[in-house]
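Chains as they are written, first to last, in my numbering: chain B, 1 to 586; chain Y, 1 to 376.
This is the structure we're talking about:
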């Protein structure tokens, strides 16, 4: 029975590897990937143009609409999304892992999918359902077509943006919390029951304290993702002039005022980091628990009684509404002959049709378009490369955090590695062009190479990679490694034979997460791609901005298939990203 | 004052066409042309950044004419092209050969002055393009951002006769345009309104029968119009196509009006739109601005780039053949003087949109952008 309170169980039992080289390498990685490109932005702000931009943004006549209102909107969306995602994801995780709810395998499988749907596709599918006629017949959705009055606040602005982001991000909370709960389930609750604790005592005394750090981490992650999201507010906010810091920063960068954009991004990072620091402090006293012990245990599931089916139906409704519905909306609109009329005549032209000068400037269906094949291959390659490199970097940094004896050093490294979470993808793109776009000493410019996209991708996904690695490592009880060492195995052999296999499921899940984020992400690559490196999301975005919505949605479906395919493959590899789905019902 | 060179256009058409075909037939030009084609074919590829999706139709026509040369088209907004070309040239990356873009006020300063983008006037067409459209980059055509309405719902003509009507309760939430904070051409449109403040003030008096009074912090009638339009819940969208559908889609009882490209009327039949320009609106329906063709200074395929620009100017048939077909539409005003005006279009002389003066626009733009930001 291993329960270590305190800051991470850096106790006597830990392996004593030399921490210096590891720490140096980790700091080097974080420096190159995060600190230097962002510091470059700070240096730009210190220039005369930068100081002028700071004055304009904070005190000029544009301050209210450029900074203060968008800041307010951004924080409101961040808090609402974080709280809702933790509640929804946590509830689903509890139902799937800890109770005897029917259909929990199906529900658990579906709950992982929303994160794979490109945000801009999800936002577009919201308008397919809830759109009103503010933008004329093209924006009227299904409900409007049926004659159901859709209030304006449900069609555009903060509410739909938050709803789309919740429907997208709860998935991450579910995965994180379920992973934490399932590991707790085994021994701790057994012990509590043996000791005669009631169900409520088990929940509040054992479960909550153990998963609280995960809840805080999941909430922080959703908060950060929500405040830096660009696509959803761009699509659902613009028609009612609802702006966030990310949309304002994008507008500034796109119209030749990058310094103003950097001011907004820097403000966002500082404000969000301060809020997250407060949240982390609140959950800090119970940091890390070694929950993969050396002893097995029986999985117990709470019986829900008469609430079984109502809860199952409610959970199923949530996961269907956030997976099947958007996917169906995308598929249907890729098949509709005329854009904006999802429920009219259907055609396969946009998938397999030959070039017809009367349709979309003579563009052939996407499966006839050599550009799609190239984009598919390039996207796949960049996704895989980013996944591997990010996980390797995450392993080095995670191990350094895990093993560093000095708490402040570990905290500093962790905070730096998590910084990219708060930076909108478009700003990471801008920072990387700014720093790696020009030759550095003898090194050539990386601009226009897939390398730059991979490196920027690694930086953007580093928080996910580090989180996967640290949570995988911190939950492996030292007693397992210790017994290997006692048995005579060296550190590397111990790592390969004990640590890696135990952590493999989580690492694979982390890989899939990074891969999926990369494959479906638009914001990060929109400034970095060049014609020589076509990507699926850029292709979809180009089609959408030309008004060729059917093509755009067809490409979105391809992205979705690629992401879900990766998810299924990871599951099939035996080390499921959701091992609890395979556990026998108990 | 800008319109002069276009005025004698129709009269000159016949002569110029004759001169043009003579020029093409001239041996030196034919030799040069043959050389260019051979060199372009050796290069085998040409990459274009284009601000219009019509480049996909150019691709088809070009590859039919020159089977050995692959045209790789990228449809990228002018604003993004500028940022991209700057970044690529500064990094020494040779990605594209030809840029087809508008946003003249920024292009000259950001791309032409530093030498990133250079002009090319095909010798065969030099005599058929007014001088003012050959510098600093050759203008392929003039494009527009003007007030359009739905002619199906308004068979008797435009539902507004004065821009100031758009600030009245009748049009609350019913004027659509692309967000001028993200798109240069729409910012140019608003900037022109402020540069034409006298005309805007006159139009105000015409509309409401009294002299305009300016709000605090507003400097002129153009700015007042922008303030009133924003206060009247103007709808911002992200692309001209969103404007087109909102304004143009058939079957609407009470459609909005919006600022978009006159030439998008060409898609009415295919898309189920009924877009028409409100040319009579006082004081002007909007702006006309040049669409430039230029060659990137580090173009990997410079000969193919020249060939493509030559090709895009059309052939010597009456309306310029398949290369010009995508642009020979009502609402685009080609700079070639020997192409007759499109039969369905308002003749350029009668078209009441303002020609932007890139230099003056560039100076005033940032102020207007900040005004828009401060008002939202």
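The beta-carbon is built from N, C-alpha and C at its ideal position, and this holds for glycine as well.
Review point. With a cut-off of 8 Å, do at least 3 Cβ pairs link the region 202-209 of chain Y to the region 226-237 of chain Y?
Key: At 8 Å Cβ cutoff, the stretches do not touch.
Check your understanding: chain Y partners of residue 66/B, CB-CB under 7 Å?
Key -> Walking along the first chain from the start, residue 66/B turns up at place 66. Here the neighbours are 373.
Exercise for review: Run the CB neighbour count on residue 248/Y, radius 10 Å, all protein chains shown included, and call it buried at 16 or more, exposed below.
Suggested key: The sequence position of residue 248/Y within the second chain is 248, counting from 1. Residue 248/Y comes out buried.
Check your understanding: How do the region 463-480 of chain B and the region 388-399 of chain B stand: do at least 3 beta-carbon pairs fall below 8 Å, yes or no?
Key -> Using a Cβ-Cβ distance cut-off of 8 Å, the region 463-480 of chain B and the region 388-399 of chain B are in contact, since at least three pairs of beta carbons, one from each stretch, lie closer than that value.
Check your understanding: What are the start and end residues of the alpha helix (DSSP H) that includes residue 342/Y?
Key -> Your numbering for residue 342/Y matches position 342 in the second chain. In the DSSP assignment, residue 342/Y falls outside any alpha helix (DSSP H) and carries neither an H nor an E.
**Study point:** Spatial neighbours of residue 22/Y in its chain, beta-carbon cut-off 8 Å, leaving aside the 5 residues before and after
**Key:** Translated into positions along the second chain, residue 22/Y becomes position 22. Bear in mind that the predicted position of residue 22/Y carries a pLDDT of just 43, short of 50, making it too unreliable to give a figure here.
Check your understanding: Using DSSP with H/G/I as helix, E/B as strand and the rest coil, what is residue 229/B?
Key -> Sequence index remark: in the first chain, residue 229/B carries index 229 (1-based). Residue 229/B falls in the coil class under three-state DSSP.
Review point. According to DSSP, is residue 278/B helix, strand or coil?
Key: Indexing the first chain from 1 puts residue 278/B at position 278. In the three-state scheme derived from DSSP, where H, G and I count as helix and E and B as strand, residue 278/B is classed as helix.
Check your understanding: Hey, does residue 62/B have any beta-carbon neighbour from chain Y nearer than 8 Å?
Key -> In the first chain, residue 62/B corresponds to position 62, counting from 1. True, the Cβ-Cβ gap to chain Y drops below 8 Å.
Point to revise | 3-residue-minimum beta strand (DSSP E) runs that sit fully inside the region 170-231 of chain Y, ordered along the chain | key: Those beta strand (DSSP E) runs which fall completely within the region 170-231 of chain Y and span 3+ residues are 175-178.
Check your understanding: If we cut at 8 Å on Cβ distances, does residue 568/B have a partner in chain Y?
Key -> Reading the first chain from its first residue, position 568 is the one you call residue 568/B. For residue 568/B, the closest Cβ of chain Y is not nearer than 8 Å.
Point to revise | Short CB-CB distance (under 8 Å) between residue 134/B and chain Y | key: Your numbering for residue 134/B matches position 134 in the first chain. It does; some Cβ of chain Y falls within 8 Å.
Practice item. Pull up the distance between the alpha-carbon of residue 23/B and that of residue 34/B, whole angstroms please. Key: One-based indexing of the first chain puts residue 23/B at position 23. One-based indexing of the first chain puts residue 34/B at position 34. For residue 23/B and residue 34/B, the distance between alpha carbons rounds to 16 Å.
Review point. Got a sec: which bits of the region 276-309 of chain Y sit with their beta carbon under 8 Å from any beta carbon on chain B, in order along the chain?
Key: Within the region 276-309 of chain Y, no residue has a Cβ that lies closer than 8 Å to any Cβ of chain B.
Review point. If you check the beta carbons only, do residue 181/Y and residue 368/Y fall under 8 Å apart?
Key: By 1-based counting over the second chain, the position of residue 181/Y is 181. By 1-based counting over the second chain, the position of residue 368/Y is 368. No, these two residues do not count as a Cβ contact at 8 Å.
Exercise for review: Let me know the alpha helix (DSSP H) ranges lying completely inside the region 472-527 of chain B, each 4 residues or longer, listed in chain order.
Suggested key: The region 472-527 of chain B contains these whole alpha helix (DSSP H) runs: 478-486, 491-494 and 500-520.
Review point. Does DSSP put residue 413/B in a helix, a strand or coil?
Key: Along the first chain, one-based indexing puts residue 413/B at 413. Here residue 413/B sits in helix by DSSP.
**Study point:** Every unbroken alpha helix (DSSP H) within the region 58-124 of chain Y, with a cutoff of 4 residues, ordered by chain
**Key:** Counting only runs that start and end inside the region 58-124 of chain Y, the alpha helix (DSSP H) elements of at least 4 residues fall at 78-91 and 104-107.
Check your understanding: If we count the other Cβ atoms within 10 Å of its Cβ and call it buried at 16 or more, is residue 302/Y buried or exposed?
Key -> The residue labelled residue 302/Y in the question sits at position 302 within the second chain. That one is buried.
Practice item. State the DSSP-derived secondary structure class of residue 381/Y, mapped to helix, strand or coil. Key: Outside the shown range of chain Y (1 to 376) lies residue 381/Y, about which nothing can therefore be said.
Practice item. Within its chain, find whatever has a CB closer than 8 Å to the CB of residue 413/B; leave out the 5 residues flanking it on each side and keep chain order. Key: Mapped onto the first chain, residue 413/B falls at position 413. Excluding sequence neighbours, residue 413/B sits near 23, 26, 27, 30, 397, 400, 401 and 404.
Practice item. Could you check if residue 493/B is buried or exposed, using at least 16 other CB atoms within 10 Å of its CB as the buried criterion? Key: Taking the first chain and counting its residues from 1, one reaches residue 493/B at position 493. Answer is exposed; the Cβ neighbour count stays below 16.
Point to revise | Test: residue 482/B CB closer than 8 Å to a CB of chain Y | key: Taking the first residue of the first chain as 1, we reach residue 482/B at position 482. Taking Cβ atoms only, chain Y never reaches closer than 8 Å to residue 482/B, which makes this a no.
**Study point:** CB-CB length for residue 123/B against residue 249/B, believed under 8 Å
**Key:** Reading the first chain from its first residue, position 123 is the one you call residue 123/B. Reading the first chain from its first residue, position 249 is the one you call residue 249/B. Not really, about 18 Å apart at Cβ, beyond 8 Å.
Point to revise | Where residue 321/B falls, given that 16 or more other Cβ within 10 Å makes a residue buried | key: The residue you call residue 321/B lines up with position 321 of the first chain. Counting every other CB atom within 10 Å of its CB across the protein chains shown gives residue 321/B a total below 16, marking it as exposed.
Point to revise | Contacts that residue 234/B makes with chain Y (C-beta to C-beta distance below 8 Å) | key: Residue 234/B sits at position 234 when you count from the first residue of the first chain. Those are 238, listed as they occur along chain Y.
Practice item. For the region 86-101 of chain Y and the region 175-191 of chain Y, state whether three or more C-beta atom pairs, one from each stretch, are separated by less than 8 Å. Key: Put simply, the region 86-101 of chain Y does not touch the region 175-191 of chain Y. Fewer than three CB pairs are less than 8 Å apart.
Check your understanding: Residue ranges of each alpha helix (DSSP H) run of no fewer than 4 residues wholly in the region 135-214 of chain B, ordered along the chain?
Key -> List check, alpha helix (DSSP H) in window: 142-145, 152-155 and 158-194.
**Study point:** Interfacial residues, the region 213-240 of chain Y to chain B, with Cβ spacing under 7 Å
**Key:** Listed by position, the residues of the region 213-240 of chain Y near chain B (Cβ gap below 7 Å) are 235, 236, 237, 238 and 239.
Review point. Quick one: what does DSSP say residue 313/Y is sitting in, helix, strand or coil?
Key: Taking the second chain and counting its residues from 1, one reaches residue 313/Y at position 313. DSSP places residue 313/Y in coil when its eight states are reduced to three.
Review point. Would you say the region 557-564 of chain B touches the region 321-337 of chain B, given that touching needs at least three Cβ pairs under 8 Å?
Key: The way I'd put it, the region 557-564 of chain B does touch the region 321-337 of chain B; three or more beta-carbon pairs between them come closer than 8 Å.
**Study point:** Local Cβ density within 10 Å of residue 188/Y, reported as buried at 16 or more and exposed below that
**Key:** One-based indexing of the second chain puts residue 188/Y at position 188. Sixteen is the threshold: when 16 or more other Cβ atoms of the shown chains lie within 10 Å of the Cβ of residue 188/Y, as they do, the residue is buried.
**Study point:** Exposure label - residue 295/B; buried when at least 16 CB within 10 Å
**Key:** Translated into positions along the first chain, residue 295/B becomes position 295. Only weak support is given to the placement of residue 295/B: the predicted model assigns it a pLDDT of 48, under 50, and the value that follows is read from those uncertain coordinates. With fewer than 16 Cβ atoms within 10 Å of its Cβ, residue 295/B is classed as exposed.
Exercise for review: Anything in the region 242-256 of chain B with a Cβ closer than 7 Å to a Cβ of chain D? List those residues in chain order, please.
Suggested key: Annotation note: the requested chain D is absent from the structure, which comprises protein chains B and Y.
Review point. Does DSSP classify residue 315/B as helix, strand or coil?
Key: To locate residue 315/B, count along the first chain from 1; it is residue 315. DSSP, read as helix, strand or coil, puts residue 315/B in helix.
**Study point:** Proximity of residue 133/Y and residue 139/Y at Cβ, strictly below 8 Å
**Key:** Looking up residue 133/Y in the second chain gives position 133. Looking up residue 139/Y in the second chain gives position 139. Yes, these two residues count as a Cβ contact at 8 Å.
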